[in-house]
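Data block below; observations after.
Protein chains: 2
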Amino acid sequence: MKKLKSTAVCPCETIQPHPFISPEDKDHLQVLADLFKHLSDPRRLNLLLCLSHAEHSVCILAKHLGVTVSAVSHQLQTLRRARLVSFRREGKVCFYRLNDNHVHKLIQTAREHVNE
Amino acid sequence: MKKLKSTAVCPCETIQPHPFISPEDKDHLQVLADLFKHLSDPRRLNLLLCLSHAEHSVCILAKHLGVTVSAVSHQLQTLRRARLVSFRREGKVCFYRLNDNHVHKLIQTAREHVNE
DNA sequence: ATATCATTTGAACAGTTGTTCAAATGATAC
DNA sequence: GTATCATTTGAACAACTGTTCAAATGATAT
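Top line first, the protein sequences correspond to chains A and B.
Be aware that the first sequence starts at 1, since it is given in our numbering, and climbs by one per residue.
Be aware that the second sequence starts at 117, since it is given in our numbering, and climbs by one per residue.
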């Protein structure tokens, strides 16, 4: 067990740091990460897959996903803030739907990655 | 402020729950979510984008990303366990690279989603 | 063997996330 | 108005995540 004092001097010190990515990508980095974060929870992913077939009420979603209504509602609010889903109210019932079809493409590409 | 006792009885009660997704998708749900989780951190995403241009050493990556070597190394171990990156050792230096090009496709699809 | 550099590893710690519970809100019917 | 159903909301709490720090390991050179 040697007591090494971290000198923190490496050859890279002389290299001037610069991003390997373009400025516009840099700007979108956080936005992209946030998008992926919404897809990174199994239950939320399941929820999105349910909605990819048709619009559904919160109550039905909870039933089919096997979780509480409250939990689904919280997830839906998160997805709504991220503009991944939208909804319409019909009387007492709220029907949620996917906002566009890009989510499908994302999942499809990910699925290809997994299956190899 | 009414004290409502949750009756937890809704019309959906009569509906038998079934997944809206196919069995094989159900199996891959966790795997897919895990994949997205690795892309959900801005710094890790930045790291992957750096590697999408060429292989790089840990030291250089830390320099360019503006974080400590330790932090980068931890991230790389995570990505390595997920088989998203691999590496080769050359003397004292470890060079990391992307494991395949699916990551590019994923990022590209996500980027399209963001730009609309 | 010792020194140094590049990298890894484990522990601790702060920040974030998702669920649950209880209560509130919105809408319809009586 | 009250009752009921569907949904939302906020607070609390446990679980997870990523960073930092210190120490260890791996490799090369002297």
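Cβ coordinates follow ideal geometry from the N, Cα and C atoms, glycine included.
For clarity, every value in this text was computed on a predicted model and none was experimentally measured.
Beta carbon of residue i nearer than 8 Å to that of residue j
| i | j | result |
| --- | --- | --- |
| B/K191 | B/R160 | In the sequence as displayed, the identity of residue 191 of chain B is Gln instead of Lys. Taking 8 Å as the Cβ cut-off, B/Q191 and B/R160 qualify as a contacting pair. |
| B/V201 | B/L214 | yes |
| B/I223 | A/L32 | yes |
| B/L195 | B/V188 | no |
| A/T109 | B/H218 | yes |
| A/H56 | A/F95 | yes |
| A/L35 | A/C50 | no |
| A/V67 | A/V58 | no |
| B/H220 | B/S168 | yes |
| A/Q77 | B/P158 | no |
Assigned secondary structure, residue i (DSSP; H/G/I helix, E/B strand, else coil)
| i | result |
| --- | --- |
| B/D150 | helix |
| A/N115 | coil |
| A/L39 | coil |
| A/N46 | helix |
| B/L145 | helix |
| B/L120 | Because the pLDDT at B/L120 is just 28, under 50, the model does not fix this residue reliably, and the value given afterwards should be weighed accordingly. Reduced to three states, the DSSP call for B/L120 is coil. |
Within chain A, the residues that residue i reaches when beta carbons sit closer than 7 Å
| i | result |
| --- | --- |
| B/E228 | H102 |
| B/K153 | S40 |
| B/L161 | L29, L32 and A33 |
Proximal chain B residues relative to residue i, where beta-carbon distance stays under 8 Å
| i | result |
| --- | --- |
| A/L98 | Those do not exist, as A/L98 stays about 12 Å from chain B at its closest Cβ, beyond 8 Å. |
Within chain A, the residues that residue i reaches when beta carbons sit closer than 8 Å
| i | result |
| --- | --- |
| B/L146 | First, the amino acid is wrong: residue 146 of chain B is Gln here, not Leu. Those within 8 Å of B/Q146 in chain A are P42. |
Under 9 Å by beta carbon: chain B residues contacting residue i
| i | result |
| --- | --- |
| A/L106 | F152, L222, T225, A226 and H229 |
- In chain order, which beta strand (DSSP E) runs of at least 3 residues are fully inside the stretch 164 to 228 of chain B? 201 to 206 and 209 to 214
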